[in-house]
Ligand code: ZN
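Residue numbers (my numbering): 5 to 210.
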C-alpha cells in the first residue's frame with residue numbers, strides 16, 4: 005500500500021508543524037507500527053525519496069527511514085557526488101532519534117521535501133552528526149554520519165520536531181524543480197555557495 009503524503013498547505017498539515025510523540029518498545033513491536041513501517045518503505049520507494057518521516061504520512065510519531073539507492077546517483081557526475089559526500093545508504097529505520105552535531109562546519113546545498121512539492125531552496129547543514137535511536141526491533145543503534153547522509157538525517161529528524169526545511173531556508177534562494185533538475189542538481193559547491201551569497205546578501209567566508 006502506498007500512503008498519501010501530507011503537503012505543506014493541506015488543511016491537515018498541522019501534523020507537519022508540531023513535535024511527534026515518542027514510541028514505546030511495545031508500540032514499536034506492535035502489528036500497527038510494523039505495518040506502518042512497511043507501508044512507509046513502499047511509499048518512499050514508489051515516490052521515490054531518500055527519506056521519509058511518519059508525520060509526512062499523517063502519523064505524529066517519532067519514526068523515520070532513510071534509503072539512498074545507487075540508482076539515484078546515475079545521473080549525477082562522480083565528482084559532484086564526491087564533493088557532496090554522497091554515497092549509497094542502505095535502508096534503515098530510526099525511532100525516537102536524538103541528534104547531536106559533531107562538527108559545527110556547515111555545507112550549503114539545495115534541499116527539497118516530499119511534503120513541499122515543486123521547489124528547492126539552499127540550506128546550510130552541519131557536516132557531521134551523531135544519532136542515537138532505536139531500530140525496528142526496538143534495539144539501540146548509534147550512527148555517525150557525514151556529508152549527504154548527515155544532511156538527510158538532519159532533514160528527517162527536523163520533521164519529527166515539527167520543522168520543515170522551508171522554515172529555515174531563505175525563500176530568496178528558491179528555485180523550481182525544473183531549474184533544480186536541469187542545473188542545480190549537478191552544480192558545484194562553489195556555485196551554490198555563490199548563489200546563496202548573491203540571493204541573500206550574506207557574505208560567507210571562503
Ligand atoms: Zn522532508
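Beta carbons: idealized from backbone N, C-alpha and C, even for Gly.
With respect to 6 Å, is the separation between the Cβ of residue i and the closest non-hydrogen atom of the ligand ZN below this value?
{"i": "residue 117", "result": "yes"}
Do you know whose CA, among the options, lies nearest residue i's CA?
{"i": "residue 141", "options": "11, 111 and 37", "result": "37"}
{"i": "residue 155", "options": "173, 166, 174 and 130", "result": "130"}
{"i": "residue 144", "options": "20, 28, 12 and 11", "result": "28"}
{"i": "residue 78", "options": "122, 30, 91 and 175", "result": "91"}
{"i": "residue 125", "options": "138, 197, 95 and 136", "result": "197"}
{"i": "residue 166", "options": "114, 12 and 113", "result": "12"}
{"i": "residue 45", "options": "6, 192, 151 and 83", "result": "6"}
{"i": "residue 51", "options": "97, 39, 76 and 102", "result": "76"}
{"i": "residue 184", "options": "139, 18, 41 and 80", "result": "80"}
{"i": "residue 88", "options": "205, 193 and 158", "result": "193"}
{"i": "residue 181", "options": "122, 15 and 103", "result": "122"}
{"i": "residue 17", "options": "146, 118, 35 and 102", "result": "118"}
{"i": "residue 110", "options": "120, 136, 158 and 84", "result": "158"}
{"i": "residue 136", "options": "161, 113 and 195", "result": "161"}
{"i": "residue 113", "options": "204, 146, 209 and 189", "result": "189"}
For residue i, count neighbouring C-beta atoms within 10 Å of its own C-beta (all shown protein chains included) and say buried if the count is 16 or more, exposed if not.
{"i": "residue 169", "result": "buried"}
{"i": "residue 176", "result": "exposed"}
{"i": "residue 97", "result": "buried"}
{"i": "residue 53", "result": "buried"}
{"i": "residue 207", "result": "exposed"}
{"i": "residue 202", "result": "exposed"}
{"i": "residue 82", "result": "exposed"}
{"i": "residue 86", "result": "exposed"}
{"i": "residue 138", "result": "buried"}
{"i": "residue 32", "result": "buried"}
{"i": "residue 200", "result": "buried"}
Beta-carbon within less than 6 Å of residue i's beta-carbon, same chain only, minus the 5 sequence neighbours each way: which residues are those?
{"i": "residue 26", "result": "66 and 100"}
{"i": "residue 191", "result": "none"}
{"i": "residue 24", "result": "59, 64, 65, 66 and 164"}
Would you mind giving the Cβ-Cβ distance between residue i and residue j, rounded to the nearest angstrom? I have them listed as a contact below 8 Å.
{"i": "residue 153", "j": "residue 93", "result": "6 Å"}
{"i": "residue 10", "j": "residue 62", "result": "5 Å"}
Residues in the same chain with beta-carbon distance under 7 Å from residue i, minus the five sequence neighbours each way, listed in chain order, please.
{"i": "residue 48", "result": "56, 69 and 71"}
{"i": "residue 127", "result": "115, 169, 172 and 173"}
{"i": "residue 150", "result": "89, 131 and 132"}
{"i": "residue 21", "result": "166"}
{"i": "residue 43", "result": "5 and 7"}
{"i": "residue 74", "result": "92"}
Using C-beta distances below 8 Å, list every residue in its chain close to residue i, excluding the 5 sequence neighbours before and after it, in chain order.
{"i": "residue 178", "result": "123, 124 and 125"}
{"i": "residue 19", "result": "10, 59, 62, 63 and 64"}
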